[in-house]
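See structure below.
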Amino acid sequence: MKLRLLTLVCAMTGFAASAADTDPKDVTYDEYGAVEVSLTGVGGDAANGALIVGDKSKGNCVACHAVTALADIPFHGEVGPMLDGAGDRWTEAELRGLIANAKMTFEGTVMPAFYKDDGYIRPGDAYTGKAPSAPLASILTAQEIEDVVAFLATLKEE
Amino acid sequence: MNTKALTAITAILVFPVAVMAGPDEENLVINGELDMTSVTKAPAHLENLDTIYSGWHFRTDETQALQIDDFDNPAMIFVDQAVDLFATVDGAAGESCASCHDGVESFKGLQASMPKVDAESGKLVVMEDLINRCRTDRMEADAWKWSGGEMQGMVALIGLQSRGMPMNVAIDGDAAPYWEQGKEMYYTRYGQLELSCANCHEDNWGNMIRADHLSQGMINGFPTYRLKQAKLISRHNRFRGCIRDTRAETFAEGSDEFRALELYVASRGNGLSVETPAVRQ
Numbered sequence: 001m002k003l004r005l006l007t008l009v010c011a012m013t014g015f016a017a018s019a020a021d022t023d024p025k026d027v028t029y030d031e032y033g034a035v036e037v038s039l040t041g042v043g044g045d046a047a048n049g050a051l052i053v054g055d056k057s058k059g060n061c062v063a064c065h066a067v068t069a070l071a072d073i074p075f076h077g078e079v080g081p082m083l084d085g086a087g088d089r090w091t092e093a094e095l096r097g098l099i100a101n102a103k104m105t106f107e108g109t110v111m112p113a114f115y116k117d118d119g120y121i122r123p124g125d126a127y128t129g130k131a132p133s134a135p136l137a138s139i140l141t142a143q144e145i146e147d148v149v150a151f152l153a154t155l156k157e158e
Numbered sequence: 001m002n003t004k005a006l007t008a009i010t011a012i013l014v015f016p017v018a019v020m021a022g023p024d025e026e027n028l029v030i031n032g033e034l035d036m037t038s039v040t041k042a043p044a045h046l047e048n049l050d051t052i053y054s055g056w057h058f059r060t061d062e063t064q065a066l067q068i069d070d071f072d073n074p075a076m077i078f079v080d081q082a083v084d085l086f087a088t089v090d091g092a093a094g095e096s097c098a099s100c101h102d103g104v105e106s107f108k109g110l111q112a113s114m115p116k117v118d119a120e121s122g123k124l125v126v127m128e129d130l131i132n133r134c135r136t137d138r139m140e141a142d143a144w145k146w147s148g149g150e151m152q153g154m155v156a157l158i159g160l161q162s163r164g165m166p167m168n169v170a171i172d173g174d175a176a177p178y179w180e181q182g183k184e185m186y187y188t189r190y191g192q193l194e195l196s197c198a199n200c201h202e203d204n205w206g207n208m209i210r211a212d213h214l215s216q217g218m219i220n221g222f223p224t225y226r227l228k229q230a231k232l233i234s235r236h237n238r239f240r241g242c243i244r245d246t247r248a249e250t251f252a253e254g255s256d257e258f259r260a261l262e263l264y265v266a267s268r269g270n271g272l273s274v275e276t277p278a279v280r281q
């Protein structure tokens with residue numbers, strides 16, 4: 001009973017952020033766009049990261065990037081480079097910065113910032129097309145960013 | 001450091017290849033006789049494209065086939081309904097479109113120059129405005145809903161009269177400020193995904209975005225019959241859908257913002273044949 005109630009509360013609040021998380025406005029990027037410090041202090045879960053990368057309602061990274069490790073998910077895009085080998089090309093800190101706000105690494109990139117909650121032009125309430133009725137949340141939570149970083153770190157060429 | 005430079009190089013190399021694999025090389029001929037200009041040199045005002053393509057080139061063979069023969073084109077049912085509506089008396093004045101207009105053929109050429117600035121009011125008007133003005137002022141009937149079946153059927157019927165003619169909207173003179181407004185919108189990165197029209201339809205046309213093959217986002221085929229929705233889709237409805245997909249608050253169909261955007265997007269296709277009504281997935 002207790003456990004069910006807890007799950008329900010979590011489900012209702014949706015993106016419940018833990019108090020220990022770094023706020024999107026407080027993330028420190030170095031001059032190359034990398035983020036050295038974990039956003040949560042809790043290690044990422046690579047398996048969950050893989051789900052987020054493929055899930056339309058989460059990262060939906062495969063909309064733009066092909067990833068061989070997720071070949072069972074149909075329709076990978078070609079707007080961004082293939083992510084195979086991303087774990088060789090980038091350090092964990094660089095990957096964290098890329099997912100949190102890729103514009104800090106690649107100026108003007110089309111890649112959206114996944115850990116940012118202000119500074120937008122006409123932001124909407126997710127995909128409803130309507131103005132938001134509550135303050136915006138970042139697209140992914142701090143822990144979801146860490147999970148995606150953990151998954152990308154597993155993408156090695158050999 | 002080296003890895004970063006390398007990625008940048010790969011990213012640059014990826015694009016030309018993908019673009020070449022983009023639009024197909026077929027010719028668009030309707031009913032085996034009407035040769036359409038579906039690929040042509042970009043108009044002079046377009047700085048970032050050399051060649052412009054109709055959205056037809058980015059669709060599957062099956063979807064393309066539905067557009068090349070009017071018997072197969074599912075949009076024609078709605079066009080036929082509009083032919084009936086054209087002659088149907090409605091409203092307090094007791095008139096139909098046909099009471100004032102000498103056959104729908106008299107609108108040949110109109111679509112190619114729309115949107116345009118109305119000489120009297122100085123306001124930018126689109127086809128839906130012209131139709132609703134007749135309905136409310138001259139027929140004393142209710143205005144049609146912007147993206148409703150009656151309205152879009154009539155927009156398609158009138159557009160069809162210009163099929164094959166090159167799009168040629170004016171962007172100078174009175175139209176200039178509206179055109180500038182539309183251009184500004186086209187390059188604005190709306191929404192939480194911070195994506196502009198140009199990010200998808202100028203920087204990435206020819207690329208796949210998930211299951212969609214990105215076109216140049218031209219409107220010379222609108223209203224288009226969309227197989228997914230099984231009805232005619234208005235230009236403003238398409239704009240709304242694209243902006244919504246950036247996690248943005250959209251503009252309303254029939255808003256002045258979308259009129260201006262329509263003028264700008266139409267001008268990007270100057271030189272392409274009017275294809276109304278096109279078929280899309």
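Chains as they are written, first to last, in UniProt numbering: chain E, 1 to 158; chain D, 1 to 281.
Here a beta-carbon is modelled for each residue, glycine too, at the ideal position from N, C-alpha and C.
About 16 Å separates the beta carbons of L110 of chain D and G153 of chain D, which is beyond the 8 Å limit, so they are not a contact pair. E36 of chain E is positioned such that its CB atom lies closer than 8 Å to that of A93 of chain E. Beta-bridge annotation (DSSP): S273 of chain D is paired with D:P166. Of all alpha-carbon atoms in D:E33, D:K145, D:G159, the one lying nearest the alpha-carbon of T224 of chain D is that of D:G159. Collapsing the DSSP output to three states places H57 of chain D in a helix. Annotation for A143 of chain D: N132, R135, T136 place their beta carbon closer than 7 Å to its own, counting only its chain and skipping 5 residues before and after. At least one CB atom of chain E sits nearer than 8 Å to the CB of Q192 of chain D.
One alpha carbon belongs to Y178 of chain D, the other to W56 of chain D, and they sit about 28 Å apart. If you ignore the 5 residues before and after N31 of chain D, its C-beta comes within less than 7 Å of the C-beta of D69, D70, all in its own chain and listed in chain order. Against chain D, the beta carbon of R122 of chain E has neighbours under 7 Å at Y190, G191, A248, E249, listed in chain order. With respect to M208 of chain D, E257 of chain D sits apart: the two C-beta atoms are not nearer than 8 Å. With contacts defined as CB atoms closer than 8 Å, V117 of chain D and R259 of chain D fail to qualify as a contacting pair. Under the three-state reduction of DSSP output, A248 of chain D falls in the strand class. When the beta-carbon positions are compared, T37 of chain D and L272 of chain D come within less than 8 Å of each other. By the Cβ test, the segment 119-133 of chain E is in contact with the segment 246-255 of chain D, since at least three Cβ pairs between them sit closer than 8 Å.
The criterion of a C-beta distance shorter than 8 Å is not satisfied by R226 of chain D and R163 of chain D.
Closer than 8 Å to the CB of D203 of chain D there is at least one CB belonging to chain E.
Under the three-state reduction of DSSP, D30 of chain E is assigned to coil, being neither helix nor strand. Per the DSSP secondary-structure output, D70 of chain D pairs with nothing in a beta bridge. The alpha-carbon separation between Y187 of chain D and S99 of chain D amounts to approximately 44 Å. Setting aside the 5 residues that flank it on each side, F107 of chain D is surrounded in the same chain by I158, Q161, each with a C-beta closer than 7 Å to its C-beta; the list follows chain order.
Ranking D:V155, D:A175, D:A75 by CA distance to the CA of A119 of chain D puts D:A175 first. Look at E144 of chain E here: in three-state DSSP terms it is helix.
The C-beta of E105 of chain D has fewer than 16 other C-beta atoms within 10 Å across all chains shown, which makes the residue exposed. Unbroken alpha helix (DSSP H) stretches of 4 residues or longer found wholly inside the UniProt domain "Cytochrome c" (44-156) of chain E: 46-54, 86-89, 92-101, 142-153, given in chain order.
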